[in-house]
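> Numbering (the working numbering), first residue to last: 1 to 70. Backbone N, C-alpha and C fix where the C-beta goes; we use that ideal spot for every residue, glycine too. As the structure is a computational prediction, the values presented were derived from the model and not from experiment.
#1: In angstroms, rounded to a whole number, what distance separates the CA positions of residue 47 and residue 2?
#2: Which residues in the same chain as residue 14 place their Cβ atom closer than 6 Å to its Cβ, once the five residues preceding and following it in sequence are excluded?
#3: Distance, Cα to Cα, residue 21 vs residue 62?
#4: Tell me the residue span of the alpha helix (DSSP H) that contains residue 14.
#5: What does the alpha-carbon distance come out to for the pair residue 10 and residue 60?
In structure tokens form, the structure reads like this:
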């Protein structure tokens with residue numbers, strides 16, 4: 001599943017994939033693969049990405065299920 005929320009948060013901060021990758025210690029390709037849904041990041045990497053973008057895990061990585069009733 002594509003991670004549109006990650007891409008939007010990154011673009012809103014005017015940060016390139018390469019810059020975000022440097023900040024969290026991975027390659028630009030890894031960030032690209034996370035955004036396109038081709039790579040499932042570790043919890044440690046998710047936390048690092050959230051800190052770099054000033055977001056929470058829920059903001060970037062929680063999947064909304066519109067069919068679920070509370």
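Inspection of the coordinates gives the following:
#1: 18 Å
#2: none
#3: 21 Å
#4: Note, residue 14: premise wrong, no alpha helix (DSSP H); not H, not E.
#5: 10 Å
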